[in-house]
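Going down the list, the sequences are from chains A and B. Using our numbering, you'd call the opening residue of the first sequence number 1 and step up by one each time. Using our numbering, you'd call the opening residue of the second sequence number 1001 and step up by one each time.
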Amino acid sequence: MKLTTVLAAAFLASSAFIATVQAQEQVNLTWQMWGDEKDAPLWQSLADLVTAEYPNITVTPQISGWTDYWTRLPVLASSGQIADLVAMQSMRMPSFYSILEPLDAHFASDGFDVSAFETSIIAGLGHDGTQYALPYDVGPWLVYYNRDRFAEAGVAEPALDWTFDDFKAAAQKLTEGENYGYAVQAFDFVAGPVALGAEYFNDSNQFDVTNAGYAAAVGKFVDLVAVDKTSPVFASGAGAITGSGRFAAGNAAMYIDGPWVLQQTKDSVDFNIGVAPLPRGEGESRFITAGSGWGISATSQHKEEAYKALQVLTGPKAAEILASAGRALPGRLAEQKFWYDVAAKDVAGTHEVLDYMFAHSTPFRLNEYWNEFENLITQYMPLALNGDSTTDAVLADIQNQLPF
Amino acid sequence: MAAIEDVSGPTSRTRSRWGSRLDRREGRTAFFFLLPGLIGMVLFLVVPIIASVVLSFTNWKLLGTPQFVGISNYVRLFTADPQFWPVLRNTLFFTAEYLVLNIVISLGLAVWISSLKMGQRWFRVVFFLPTFTPGIAVAIVWMLIFAPGGFFDFIMRSVSIAMPSMLTDQTLAMQAIIIVSLWAGVGYNTVLFNAALDMVPQSYLEAARIDGANAWQRFWKIRLPLISPTLFFGTVMTAITSLQVFDQIYVMTRGGPGNATATLGYAIYQRGFQNFQMGYASTIAWVMFAMIMALTAVQFWLQRKWVHYDN
C-alpha cells in the first residue's frame, strides 16, 4: 500500500515535471504574411513582442508578395507546408476558412473578448458564425480627393452624406482637357453599387449580377466613363496604371480605395488630400469594410503556442506599432487613435469620415467564388467603359461565367 | 562476292558476340552514370505528367481530396464552357499571325545582316538581346508604353493620329501582345537563320553568279533551299512556344478586355491558380498538348514538300 502511494506520488511528481519541461520547451512558430520586403522589420518587431511576452516562443515571419501569397497559400496548405500562423484577408475567407483552426473553443478557454475589435471586421474574419482569425486592420472603401483641384475648380468639398449626383457633378466640373475628375478602378463596381443600395447576390448568397438594381448602379458608374468622360478607362492588365497612380500624378482628382493605402498615398502626392465617404443613392448611406488578420493553421503542431502568439500579434501593443507606422488602421478600436494621430494627421476629415462610415457599415456579402467575380469584373468591365459593349451585356457575360 | 562473305562471316559474328557482352557491361555503367538524370526526369517530368492525366479526370480544388468525375471535365470543356471556343480561336489567331510575322521578319533581318560588310556581330548581339531579357520585365515595360494615357498614346496624339488606346480595345489588344512577342522573339530566329545563311557554301553562290543568276534568284533558288532545315526547326519551335503564350498576356491584359486576349496558356493559369479548379485546368492542359502534338505532326508531314536536306 505504502509502496503504491509512493509510486503514485513519484509518478505524479514526474508527470508534473515533464509538463513543466514541456511548457518551457522552445517552440518555433512560422508566420506567413504578404507584404513588401521593406515592411520586414515592422513584422519582425511584432514577432519580437511575442518572444518578449513568452520567452519560449519565437516567431519567424515568412513574407511574399500579395499575388504570390494567394497562389502559394493553397499549394502550401495541400502539401502540408503551411506556416503555424497564417495571414488572411476578409474577402478571401470563404475560400480558405477550411485551412484555419476555429478559434471559438480557444476564446472560451480563456474568456477572450472580441468586443475590443471593430464589429464588421470580426464578422469579416469569420465564416458561418465561427471565428477563424483576429484582425490587425480594418477599413471601408472611401473616396480620396485632391483638395487643391477642388478649390481651383470651385467645387465644394464633399459632405458626409453626399449623393451620387453630387459626386457626378463634382467629377464633371473637375474634368478639364487631359485632367480627369475621377479615375475608375475595377473594385468601384463592388463598393460603389453597394453604397448606392444595390445587391450583387440573391437571397441565398449566390451571384445575381444581372438584377435590375445592381445593373442600374453599375450603369451609373459606367456612364461616368463612357458617356460623361470624367474618368479614363482602366486596362485589365495586372500591372496596369491604376487610379492611385493617376491620382498621385494629379491626373485624376478623385479615386476610390481603402485607408490601408492612406499613408503611401499621402507620401506620394505633393498636394493636399482629403477623404470622403462613397456617394449614396436615394436611401441611407451604407458601406462595406474589409480588413486582414491572422489565424492559426488547422494543421499546426503548436496550436496552443500559436494562439498565445496570435493574441500578442493582434494585441494592443502590436496594434499601436502598426498604427503609428501608418501601416494599418487597427481593428482594435482603442488603438485607432494612433493611426489618426500619425498616418491621418494631415488628411482632412479622416476621423469624422471613418466614424460615419463605420456607423453605416453593412455586412460585406461574399461566397467562395468571390475571387472569380473580381477577376471577371477586371477583365470584362473595360468593354462597357470603352463603349464596345453595354453594361447589361457585360454583366450577363460575367453572370454566365460564374459557377453557381 | 561469296568468298568475301565467307571470310567476313565468322569474324563479324565473334565480334558481335564479344561486342554485345561489352555493350551490356558498358550499358550497365552508362545506366548508373545516367541514373541521377533519369531519377530527376522521372520525378519532375514523368510523374507530374501522369499526375496531370489523372487529375484531368477529377474535380480537385487544391484544398481537400480529389474526386473522380470521369470524362465530365472534357465534356464540360467542349460543350458547356462558354469560354473554350473563343480561347481556342484567340490562341490559333495569335499563333498564325505571330508565326508568319516572326519568320518573315527574322529571315529578312538575317539576310540583311549577312549582307553587311561590317558590324555583323554587333547587330547579331543587338537583335539577340531581347532573348535573354526576362519576359515578365519586357512585358511590364511594354505595358507601361501601351497603357491608356501612356507613352504610345502620347506619341499617337502628338502626330495627330486618333486611335483608341491599345490595351483597352478588343481588336488592338491582341496586336499589342503580338508586337511585344515579336520584339522579344524575333532575335532568336534571326541569329539562327543568320548562322545558317553563313553556312551556305560560297562556291554555290559563286557558280550561280557566273551562270547569270541575280540576287533574287540566288536567294530563292540556292540560299533558301539550303537553309530550309534550319527554317523548319525555327518554325516548329516558334509555333510551339506561341501556342503556349502566357507571360505577356498575364502582365499586359489578363485575357481582357473581355476575352479578346484570353489564350489556352492563360486559361490554364486562370482556372488552376486563380479559381483553384486543378482538375479542369489539367483538362485544358491536355487539350493544349494534343493540339500542339497534332500541329507539330502536320508540320513534320509538310516538311517533305519544302525542306531540303543536303545529303
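Every residue, glycine too, gets a C-beta built ideally from N, C-alpha and C. The structure presented is a predicted model; accordingly, all values stated were derived computationally and were not measured.
Identification of chain B residues near valine 75 (chain A) by a Cβ-Cβ cut-off of 9 Å yields Leu1062 and Phe1273, ordered along the chain.
Within the same chain, and ignoring the five residues on either side of alanine 1176 (chain B) in sequence, the residues whose Cβ sits closer than 7 Å to its Cβ are Phe1146, Met1166, Leu1167 and Met1252. By the CB criterion at 8 Å, tyrosine 182 (chain A) and leucine 142 (chain A) fall outside the cutoff.
Listed as beta-bridge partners of glutamate 176 (chain A) by DSSP are A:Asn179.
Around the Cβ of phenylalanine 1300 (chain B), a 10 Å sphere holds fewer than 16 other Cβ atoms; the residue is exposed. Annotation: proline 382 (chain A) is outside any beta strand (DSSP E); the continuous alpha helix (DSSP H) that includes it extends over 370-385. Per DSSP, the beta-bridge partners of isoleucine 256 (chain A) are A:Val143.
Interface criterion met: the Cβ of aspartate 388 (chain A) is under 8 Å from a Cβ in chain B. Excluding its 5 nearest sequence neighbours in each direction, alanine 216 (chain A) has C-beta neighbours in its own chain below 8 Å: Ala198, listed in chain order. Under the Cβ distance rule, phenylalanine 1276 (chain B) counts among the residues neighbouring chain A, one pair being separated by less than 8 Å. Listed as beta-bridge partners of asparagine 28 (chain A) by DSSP are A:Thr58. Interface with chain B (8 Å Cβ-Cβ cutoff): asparagine 179 (chain A) is excluded. Isoleucine 273 (chain A) and asparagine 179 (chain A) do not touch by the CB rule: their CB atoms are close to 16 Å apart, not below 8 Å.
For a Cβ distance threshold of 7 Å, residue set Met1143, Leu1167, Val1251, Met1252, Thr1253 and Arg1254 of chain B lies close to glycine 237 (chain A), ordered along the chain. Against chain B, the beta carbon of glutamate 372 (chain A) has neighbours under 8 Å at Gln1274 and Asn1275, listed in chain order. Interface residue (Cβ-Cβ distance to chain B less than 8 Å): glutamine 379 (chain A) is classified as such.
The C-alpha of glutamine 1170 (chain B) is placed about 13 Å away from the C-alpha of methionine 1163 (chain B). In the same chain as phenylalanine 1127 (chain B), and ignoring 5 residues on each side of it, the C-beta atoms closer than 8 Å to its own belong to Leu1109, Ile1113, Val1186, Gly1187, Thr1190 and Val1191, in chain order.
At least one CB atom of chain A sits nearer than 8 Å to the CB of glutamine 1170 (chain B). With respect to the C-alpha of glutamine 131 (chain A), the residue from A:Leu329, A:Ala77, A:Ala318 and A:Ile296 having the closest C-alpha is A:Ile296. For leucine 85 (chain A), there is no enclosing alpha helix (DSSP H); the enclosing beta strand (DSSP E) has its first and last residue at 85-89. Within the segment 1077-1089 of chain B, contact with chain A at the beta-carbon level (separation under 7 Å) is assigned to Pro1082 and Gln1083. When the alpha-carbon of alanine 334 (chain A) is set against those of A:Ala309, A:Asp110, A:Asp137 and A:Glu25, the nearest one is in A:Asp137. Rounded to whole angstroms, the gap between the alpha carbons of leucine 1302 (chain B) and methionine 1237 (chain B) is 15 Å.
Three or more Cβ pairs closer than 8 Å define a contact, and the segment 163-173 of chain A meets that threshold against the segment 276-283 of chain A.
By the C-beta density criterion, glycine 1119 (chain B) is exposed, having fewer than 16 other C-beta atoms within 10 angstroms. Per DSSP, reduced to three states, the secondary structure at phenylalanine 1044 (chain B) is helical.
The Cβ atoms of phenylalanine 1094 (chain B) and valine 1245 (chain B) lie closer than 8 Å to each other.
Residue contact with chain B for isoleucine 99 (chain A): present (Cβ-Cβ distance below 8 Å to some residue of chain B). Listed along chain B, the residues sitting closer than 7 Å to proline 232 (chain A) by beta-carbon distance are Pro1148 and Gly1149.
Beta-bridge partners assigned by DSSP to glycine 274 (chain A): A:Tyr145 and A:Ala348. Serine 268 (chain A) is outside the set of residues whose beta carbon lies under 8 Å from a beta carbon in chain B. Proline 193 (chain A) has a beta carbon lying at 8 Å or more from every beta carbon in chain B. The count of Cβ pairs closer than 8 Å, one atom from the segment 300-316 of chain A and one from the segment 66-78 of chain A, stays below three, leaving the stretches out of contact.
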